[in-house]
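Each residue of the sequence shown is one higher than the last, beginning at 2 in my numbering. Heads up, the beta-carbon is just placed ideally off N, CA and C, and yes, glycines get one too. From a predicted model like this one, the values you see are computed outputs, not experimental measurements. Structure, as structure tokens:
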Amino acid sequence: MPENQTAIPFWKRKSLEEMTPAELESLCDGCGWCCLYRIEDEESGVVLTTAVACRLLDLKTCRCKDYPNRFEKVSTCVRITPETARTYTWLPETCAYRRLALGKDLPDWHPLITGDPRSVHRAGASALGRAISELGVDLDDLENYILTEE
């Protein structure tokens, strides 16, 4: 690779498919939105996000409490891949995976740019302070917890 290419961040010079697993993982900004329950409106087909979070989401950090074992512990845990980044239209517009899949750049507040994992929270782009744990919530009543667009 030419020397000048190494100065270009990997997310600007590689497609999602070309990224290593570690590079893909590093795109996660820790917003927590993909850890919230969603329901589909039967009439419109629109996917609505609720404030109810997976029991593994740490509500104070928006990080998974058992990230290495999340898929074994939570059968509905969302797996973000290059393909799902293109098909999960419910991912927020701020999501790095979705942005890159759409040919956009990372937002200025993204932790890969700022070097600070809390920058996503300061930017107001996370579920911090908006989510509640699924523990104690009747999951049959998720429609009572739908988040409105801000």
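What does residue 65 pair with, by DSSP beta-bridge criteria? As a working note, residue 65 is residue 64 in the sequence shown. Its beta-bridge partners are 58.
Reduced DSSP secondary structure (H/G/I, E/B, other) of residue 81: Looking up residue 81 in the sequence shown gives position 80. Residue 81 falls in the coil class under three-state DSSP.
Quick one: grab the DSSP three-state call for residue 136. Residue numbering aside, residue 136 sits at position 135 when the sequence shown is read from its first letter. In this structure, residue 136 counts as coil in the three-state DSSP scheme.
Checking 7 Å against the spacing of the C-beta atoms, do residue 92 and residue 99 come in under that value? Indexing the sequence shown from 1 puts residue 92 at position 91. Indexing the sequence shown from 1 puts residue 99 at position 98. Yes, the pair counts as a contact, with Cβ atoms nearer than the cut-off.
What is the rounded straight-line gap between the Cα of residue 60 and the Cα of residue 95? As a working mapping, residue 60 is identified with position 59 in the sequence shown. As a working mapping, residue 95 is identified with position 94 in the sequence shown. When rounded, the distance between both Cα atoms is 19 Å.
Taking its Cβ as the centre, do 16 or more other Cβ atoms sit within 10 Å of residue 50, making it buried, or is it exposed? One-based indexing of the sequence shown puts residue 50 at position 49. Counting Cβ neighbours within 10 Å, residue 50 comes out buried, since at least 16 surround it.
Using a Cβ-Cβ distance cut-off of 7 Å, determine whether residue 47 contacts chain B. This model lacks chain B altogether; it includes just one protein chain.
For residue 39, name the three-state secondary structure that DSSP assigns. Translated into the one-based positions of the sequence shown, residue 39 becomes position 38. If DSSP states are grouped into helix, strand and coil, residue 39 belongs with the strands.
Kindly indicate the opening and closing residues of the alpha helix (DSSP H) around residue 122. To locate residue 122, count along the sequence shown from 1; it is residue 121. Residues 120 to 123.
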